[in-house]
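Everything below concerns the one structure shown next.
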Amino acid sequence: MESPKKIAHEIGGVKRDALRFGLNGVKSDIVGSHPLESSYESGKRSEEAMKRRIIGHTYGTALPLKMDMDRQILSRFQRPSGPIPSSMLGLEVYTGAIDNFGFEDYLNDPRDSETFKPVDLHHGMEVRLGMSKGPVAPSFM
734 MESPKKIAHE
744 IGGVKRDALR
754 FGLNGVKSDI
764 VGSHPLESSY
774 ESGKRSEEAM
784 KRRIIGHTYG
794 TALPLKMDMD
804 RQILSRFQRP
814 SGPIPSSMLG
824 LEVYTGAIDN
834 FGFEDYLNDP
844 RDSETFKPVD
854 LHHGMEVRLG
864 MSKGPVAPSF
874 M
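Its first residue numbered 734, the sequence shown is counted upward by one per residue in my numbering.
Below you can see the structure in the form of structure tokens.
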């Protein structure tokens, strides 16, 4: 007895919806936004690994594990998608990122732009719950 043939598909349709989120470029998937970005990220990772090693040698191996658990808990706390974005203030304070002076501190926040599309609350929750694929919302027109 033959089993019925089924077409494999993903929930929510295609993997990348070009009409909703724009065309997908191969170069943007392979290369970062700037050549120095990868070296900056690898330097930051090695600095964090060295800091964990020093804390492990100084205070014992349980403290880095506790710090990882705290970081995971703080990174999960988010607001639902909507007009007020999640600031992740607790995680920024815990990691020390609140002391960094980024471009959004002296330039305008991209979310305040006139061309910024508002977030669709329903689609954002579908993406978060795994019912739909793709980014929560397109950023700009």
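Quick reminder that beta carbons are idealized off the backbone N, C-alpha and C, glycines included. Only a predicted model underlies this, so the values are computations on that prediction, with no experimental measurement involved.
Measure the beta-carbon distance from L824 to L807 and round it to whole angstroms, keeping in mind my assumption that it falls under 8 Å.
4 Å
Just to confirm the assignment, what range does the alpha helix (DSSP H) spanning P797 have?
A795 to R809
Straight-line gap, A830 to R804 (C-alpha atoms, nearest Å):
13 Å
Please return the same chain residues whose Cβ sits closer than 8 Å to the Cβ of V811, not counting the five positions on each side in sequence.
In the sequence as displayed, the identity of residue 811 is Gln instead of Val. Excluding sequence neighbours, Q811 sits near S819 and M821.
Rounded separation between S771 and S779 - CA only:
12 Å
Beta carbon of M800: closer than 8 Å to some heavy atom of the ligand SAH?
Summarising the ligand content, the structure contains no ligands, and the ligand SAH is consequently not present.
Please state whether the Cβ-Cβ distance between L787 and M800 is less than 9 Å.
Here residue 787 is Ile; the residue named in the question, Leu, does not match the sequence. Taking 9 Å as the Cβ cut-off, I787 and M800 do not qualify as a contacting pair.
Does DSSP put D838 in a helix, a strand or coil?
helix
Rounded straight-line distance, which links the Cα of L840 to that of P768:
22 Å
Straight-line Cα distance separating D845 from F834
18 Å
Would you kindly work out how many angstroms separate the C-alpha atoms of Y827 and M802, rounded to a whole number?
12 Å
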